[in-house]
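Residue numbers (our numbering): 724 to 1084.
Note that beta-carbon positions come from the ideal geometry of N, C-alpha and C, so glycine has one too.
For reference, the structure discussed in these notes is given below.
Structure, rendered in structure tokens:
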């Protein structure tokens, strides 16, 4: 997973951190209107959780329930489930889906990635983040998953961060992703007509010749005619180290820039659609991009409040539940609300309070 804001120098980070302190008072005093729905938060687990045994899965579900969140997001990884064409292993996914269903959690199923047999011959050496050779084959898998979990999963996100080269080898391609989205959406809706289709959550990025910025990607996606094939726009509005509401960082702050994405939605007639922030958070630890646990908590508090003020960001999934490892210098291991010992960081208290209040807090 890529959480890069791609700030290139420590000096820039220090300047932005200064902005965080400067802007926190004025932004946090804004009124919170309109009031959000009661199921506005969730936990984005990331990959690997379907490999857990039942006791570990039960603990994950318990921790999510304790946070007060109503949603859980995790991978339905095609590259693992159908690693051999025509042979399916749903065992881990079944365990996690059934545990979520039994607990009353709503599931956002993330349809990812490509098994080797489904990649183009020229991409045979690439990893599973490579796009499929045939969008229709990808769509067929999405339909099979939707049919299997018709009574347990009603919302599906189509791919992860398709605007990044690292998640859409050999390079991001809006037109090709549109074909995948269209095929998956049609296949899912055939068996689940009322399913909610979320476009692939877009990562913070710039138009740098390799990656595509979220604002450009969404605009181009509408230009392909894909608008009728998604019900929700997916976004990963990481803003660290800045606060999400900080207008002074709007040139790069992807949370703030969701305003511009919503403008695109309105321009294309999608005034009734909302954005789901299907991943959001910040890393603690000692990496160059890490923040303190106190700042992690403040970013989360401000992000939830900002989503509730904006009104068109109807769900926010916190990435992630628990730190993935004990290496404080590895950013990707330290996004958790809990540390490796399952002890809560201050951000967990923020999430619990957010789910109790149902408004700004």
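**Message:** Assuming contact is defined by CB atoms lying nearer than 9 Å, are residue 904 and residue 876 in contact in what I supplied?
**Reply:** no
**Anticipated Cβ contact below 8 Å, residue 890 with residue 960, distance rounded** = The pair is not a contact, with the Cβ atoms about 16 Å apart (cut-off 8 Å).
**Alpha carbon of residue 1074 to alpha carbon of residue 806, nearest angstrom** = 37 Å
**Item:** Cut-off 8 Å between Cβ atoms - residues of its own chain near residue 1053, not counting five sequence neighbours on either side
**Value:** 1008 and 1010
**Asked** Span of the alpha helix (DSSP H) holding residue 1022?
**Response** 1016 to 1033
**Message:** Excluding the 5 residues flanking residue 837 on each side, which residues of the same chain have their C-beta closer than 7 Å to its C-beta?
**Reply:** 801, 802, 851, 853, 854 and 855
**Item:** Coil, strand or helix - residue 805 by DSSP
**Value:** coil
**residue 1067 versus residue 865: straight-line alpha-carbon distance, rounded** = 35 Å
**Request:** Enumerate, from N- to C-terminal direction, the unbroken beta strand (DSSP E) stretches of 3 or more residues contained entirely within the segment 891 to 963.
**Result:** 919 to 924 and 955 to 958
**Asked** Where does residue 871 sit, in a helix, a strand or coil, going by DSSP?
**Response** helix
**Prompt:** Would you say residue 901 and residue 944 are within 9 Å of each other, going by their C-beta atoms?
**Reply:** yes
**Message:** Could you compute how far the alpha carbon of residue 917 sits from the alpha carbon of residue 1049?
**Reply:** 42 Å
**Request:** Go ahead and pull the three-state DSSP assignment for residue 1005.
**Result:** coil
**Prompt:** Considering only the beta carbon of each residue, do residue 988 and residue 938 sit closer than 9 Å?
**Reply:** no
**Request:** For residue 1076, name the three-state secondary structure that DSSP assigns.
**Result:** helix
**Message:** Using a 10 Å radius around the Cβ and a threshold of 16 neighbouring Cβ atoms, would you call residue 911 buried or exposed?
**Reply:** buried
**Item:** Inter-residue spacing [alpha-carbon to alpha-carbon] between residue 1047 and residue 955
**Value:** 29 Å
**Prompt:** Run through DSSP, which three-state label would residue 824 get?
**Reply:** helix
**Message:** Quick check: residue 933 and residue 895, are their CB atoms within less than 9 Å of each other?
**Reply:** yes
**Request:** May I ask you to report which of helix, strand or coil DSSP gives residue 758?
**Result:** The predicted position of residue 758 is uncertain, since its pLDDT is 47 and thus under 50; a value taken from the coordinates is nonetheless stated next. Here residue 758 sits in coil by DSSP.
**Through-space distance from residue 882 to residue 1077, alpha-carbon basis** = 28 Å
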